[in-house]
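Protein chains in written order, with the numbering used here: chain L, 1 to 395; chain Y, 1001 to 1395.
Everything on this sheet refers to the single structure shown next.
There are 2 protein chains.
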Amino acid sequence: MGDERAVGTPVLRRLNTASVLRAVRDCAPDPVRLAELVKLTGLTRPTVGQAVEDLVEAGWVQHHHPAAASRKGGRPAVRVSLRGRAAPVLGLDVGPHTVSAGIDDLAGRRLAAVRRSVDHNRASRLLTVVDAVIARVLEEAGFDADEIAAVVVATPGIVDSGSGRILLAPSVSGWTSVNLSDHLRDRFRCPVRVENDANLAALAVARERAGPGTLLAVQWGERLGAGVVIDGRLHRGTGAAGEIGFIRPPGRVPDTDDGRGPLERAIGAEAITEQARRAARTHPESVLRDGPIDAAAVFAAAATGDAVAERVVDDVARTFAHAIAPAVLVLAPDAVVIGGGVARAGPVLLAAITRHLADLTLTPPDVGISGLAEDTILTGALRMALDEVWHQLPA
Amino acid sequence: MGDERAVGTPVLRRLNTASVLRAVRDCAPDPVRLAELVKLTGLTRPTVGQAVEDLVEAGWVQHHHPAAASRKGGRPAVRVSLRGRAAPVLGLDVGPHTVSAGIDDLAGRRLAAVRRSVDHNRASRLLTVVDAVIARVLEEAGFDADEIAAVVVATPGIVDSGSGRILLAPSVSGWTSVNLSDHLRDRFRCPVRVENDANLAALAVARERAGPGTLLAVQWGERLGAGVVIDGRLHRGTGAAGEIGFIRPPGRVPDTDDGRGPLERAIGAEAITEQARRAARTHPESVLRDGPIDAAAVFAAAATGDAVAERVVDDVARTFAHAIAPAVLVLAPDAVVIGGGVARAGPVLLAAITRHLADLTLTPPDVGISGLAEDTILTGALRMALDEVWHQLPA
DNA sequence: GGAAGTTTATTAAGGTCTTTACAAAACCTC
DNA sequence: GAGGTTTTGTAAAGACCTTAATAAACTTCC
Chain L
1 MGDERAVGTP VLRRLNTASV LRAVRDCAPD PVRLAELVKL TGLTRPTVGQ
51 AVEDLVEAGW VQHHHPAAAS RKGGRPAVRV SLRGRAAPVL GLDVGPHTVS
101 AGIDDLAGRR LAAVRRSVDH NRASRLLTVV DAVIARVLEE AGFDADEIAA
151 VVVATPGIVD SGSGRILLAP SVSGWTSVNL SDHLRDRFRC PVRVENDANL
201 AALAVARERA GPGTLLAVQW GERLGAGVVI DGRLHRGTGA AGEIGFIRPP
251 GRVPDTDDGR GPLERAIGAE AITEQARRAA RTHPESVLRD GPIDAAAVFA
301 AAATGDAVAE RVVDDVARTF AHAIAPAVLV LAPDAVVIGG GVARAGPVLL
351 AAITRHLADL TLTPPDVGIS GLAEDTILTG ALRMALDEVW HQLPA
Chain Y
1001 MGDERAVGTP VLRRLNTASV LRAVRDCAPD PVRLAELVKL TGLTRPTVGQ
1051 AVEDLVEAGW VQHHHPAAAS RKGGRPAVRV SLRGRAAPVL GLDVGPHTVS
1101 AGIDDLAGRR LAAVRRSVDH NRASRLLTVV DAVIARVLEE AGFDADEIAA
1151 VVVATPGIVD SGSGRILLAP SVSGWTSVNL SDHLRDRFRC PVRVENDANL
1201 AALAVARERA GPGTLLAVQW GERLGAGVVI DGRLHRGTGA AGEIGFIRPP
1251 GRVPDTDDGR GPLERAIGAE AITEQARRAA RTHPESVLRD GPIDAAAVFA
1301 AAATGDAVAE RVVDDVARTF AHAIAPAVLV LAPDAVVIGG GVARAGPVLL
1351 AAITRHLADL TLTPPDVGIS GLAEDTILTG ALRMALDEVW HQLPA
């Protein structure tokens, strides 16, 4: 957005070539006829031809010689498609319990994915697992580390987006003293970015929704985090944007010393089960009285109409709604999407939150559940890595 | 960001001409030598020469024949400057008590400004005053309505940014049924935009600070509103972003039927005086006991060390901090800037808010007072109008 | 099996724009 | 008034896109 300096004729070619490449990408995994590109880009055929030639030479796209089926008569079209292997990206999700990695090609196809659980969440052990997982996923996809075009790592805690240092990570002991960023930069010859996991989950959710608008994507499990995506771009603020776990909800909150924030202590997965347990003790008529209680059980009970469970869920929903209402009023997001473990609660929780938010805000956002599976964060990391590659095309 | 279609050689000229025009603008009121533009834009002299020629022809810039002083020897330079009168913009601030208007030229120089107070804040009367103020400011600046290049109107309430309709405006009775946007579009031949006043104030404050980052600018008087500016661009969300007046603060809030939000009823200017009045009754040792009390008096008393006043101010600050803390956690703004009537409270209030926010947030933002005078909103409106003009240069 | 028709690729000429290079102008200083 | 300096102005060259015309390759129909 800053200065667009030194404009000579050559930039035209770069502009147009980029335009053609974008068009090829938008046709994603399918090969596209050259004539199609002419229509898509609005450029003329000779220009497109030149651009494609350049792109093939640079290795970004490849020809599809066998123009097999669906002929309508006429000279067979030259068809090209993205050469995915030109710039594969690596995503990494370093959680307190599991480490997963994935490699996507330029078109967003998943070439490999690895998931490994960690027994002890000590930092040193974690780092070893990270290295092992990276090695495995590279092998599975058949790439050398030097071929990777961008790396994005998701980690819990607060990350300084400039240096990649982890500033605060209560859930992994010793994690802040590990310079993960430098560690990885030694292994790869490409940009390495470390980013908060909730932020990346938000990015993944936003991409799934597509289109512009403001999104508040909440990760809700033992802990609570959120990411803000505005018109497809992640909002970082001074760095710690989206840390909803530290919102102080109304009412008393138990004091703990594990670095969790007030809202996490009030309505994190653990707090929900604890609340249900207390309620079950004083209300033995509830189905919650027997069997082990966890958050899923509470939501299941509420779904079947158990009054005690319903009250707990409503309480949780109200606390959550009150906590985020000020942010919803300030941001006016189009949607609030909930992911993470608690998201499996489904419609019961959703309805309660929607109801309370309607009371507390002027233009209540859509409240929804993230449709993505467990690898939301990993997908977000890969998405951001792809963005990085696409952003610096003219390399 | 969408599609940059149909790139031929002519776009180069447009691009470079725009680049030169930007450079001329950045030198703002001072005329600039042609050779200087060459350095600033990175283009070559013939290119700059051509561009300047085009711009002069189009009326955007003008020559400065008398190359008077500061010669260093050599052929006298051709100097050009922005022809401010080429595209004057009109800003309007329609408040419940006053209507003000201003006209800026392209370089941001204030050519005229008019302010008029309104006795009855009935919508029909207000509209008459608006028309009169517009006529007056046009006359003062010596322009015809058709010459204005952009109009931005600030109004309290929630505005649909697409249609310009006012959706909610409790402070002016009947204001929502007036189609201000259409009314003005009939008078001007240029784009007319209606925007929430707090949003425009935020824009003005953000421009004063300059540079990127996230800003939460609060307007705090009888009512409370805010605007969010991210990297220089106003954030609207679904339309009602920044409506902090409707945040529900902890504790009981008096119920009124005047359309004000809970936070406004709790710590609006009126609520502050009411709170002080109550405190003075039970604490006759306070200096607040004698003389008429208004918000300014409370802050003044607190500044001199009056304990009762100090407690009131601290209460207000705590309520405010608790109310916006969730939004601060989610947005992680670089700064929270307070404007409006209460902003005159100064350091007393500021210090208290800063203290409380430090407790409630992870990366506490700078808390400051808006340095702009009473015409913050008007300045913001003019700023946005200028942006509009600059955004659509290639007209 | 050949001709017509259709779709696409290729090639050549023309125009616009920037760049490079060079010459002219205008002013100051000595 | 000569020399120097800074700037403007002009012409030729290079790069790129576009229009238009031509050639190619394949399907379909007769």
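Idealized CB from N, CA, C, for every residue including glycine.
8 Å Cβ cutoff, residue i in contact with chain Y
i, result
"L:Ile324", "yes"
"L:His391", "no"
"L:Ile247", "yes"
"L:Ile244", "yes"
"L:Thr363", "yes"
"L:Val118", "no"
"L:Ile272", "no"
"L:Pro333", "yes"
"L:Gly211", "no"
Min CB distance residue i to chain L below 8 Å
i, result
"Y:Pro1259", "The sequence given here places Gly at residue 1259 of chain Y; Pro does not occur at that position. It does not; no Cβ of chain L falls within 8 Å."
"Y:Ser1019", "yes"
"Y:Ile1369", "no"
"Y:Asn1016", "yes"
"Y:Ala1101", "no"
"Y:Gly1341", "no"
"Y:Pro1088", "no"
"Y:Asn1226", "Here the sequence assigns Ala to residue 1226 of chain Y, which means Asn is not the residue at that position. Yes, Y:Ala1226 lies at the interface with chain L (some Cβ there is under 8 Å from its Cβ)."
"Y:His1064", "no"
Environment of residue i [buried if 16+ CB atoms lie within 10 Å]
i, result
"Y:Pro1249", "buried"
"Y:Glu1285", "exposed"
"Y:Gly1164", "buried"
"L:Gln275", "buried"
"Y:Pro1292", "exposed"
"L:Thr304", "exposed"
"L:His120", "exposed"
"L:Pro326", "buried"
"L:His356", "buried"
"L:Asp306", "buried"
"Y:Asp1003", "Model confidence at Y:Asp1003 stands at a pLDDT of 42, short of 50, so the residue's coordinates are unreliable and nothing is read from them."
"L:Asp197", "buried"
"L:Val151", "buried"
Residue j beta carbon less than 8 Å from that of residue i
i, j, result
"Y:Val1048", "Y:Leu1034", "yes"
"L:His235", "L:Ala226", "no"
"Y:Asp1104", "Y:Leu1382", "yes"
"L:Val330", "L:Leu350", "no"
"L:Leu362", "L:Ala321", "no"
"Y:Ile1369", "Y:Thr1319", "no"
"Y:Leu1122", "Y:Ser1173", "In the sequence as displayed, the identity of residue 1122 of chain Y is Arg instead of Leu. For Y:Arg1122 and Y:Ser1173, yes; Cβs fall inside 8 Å."
"Y:Pro1365", "Y:Ala1358", "no"
"Y:Arg1399", "Y:Arg1223", "Lying before the first or after the last residue shown, residue 1399 of chain Y is absent from chain Y, which here runs from 1001 to 1395."
"Y:Ala1269", "Y:Gly1341", "yes"
Collapsed DSSP secondary structure at residue i in the structure displayed
i, result
"L:Trp60", "coil"
"L:Gly8", "coil"
"L:Ala395", "Here L:Ala395 scores only 44 on pLDDT, less than 50, and its place in the model should not be relied on; the value that follows carries that caveat. Note: L:Ala395 maps to coil in three-state DSSP."
"L:Arg79", "strand"
"Y:Ala1345", "helix"
"L:Thr379", "helix"
"Y:Ser1124", "helix"
"Y:Ala1335", "strand"
"Y:Asp1387", "helix"
"L:Arg14", "helix"
"Y:Glu1195", "strand"
"Y:Gly1002", "Residue placement at Y:Gly1002 is flagged as unreliable, the pLDDT there being 35, under the threshold of 50; the coordinate-derived value follows with that caveat. Coil."
"L:Gly225", "strand"
"Y:Arg1025", "helix"
"Y:Asp1366", "strand"
"L:Arg209", "helix"
"L:Val89", "strand"
query: Which parts of the segment 141 to 183 of chain L are runs of the beta strand (DSSP E), unbroken and 3 residues or longer, counting only runs that do not cross its ends?
result: For the segment 141 to 183 of chain L, whole beta strand (DSSP E) runs of length 3 or above, ordered along the chain, are 150 to 155, 166 to 168.
message: Threshold first: 4 residues or longer. Then list the alpha helix (DSSP H) segments lying entirely within the segment 234 to 305 of chain L, N to C.
response: Every alpha helix (DSSP H) of 4 residues or more that sits fully in the segment 234 to 305 of chain L is shown, in chain order, as 262 to 267, 269 to 282, 295 to 303.
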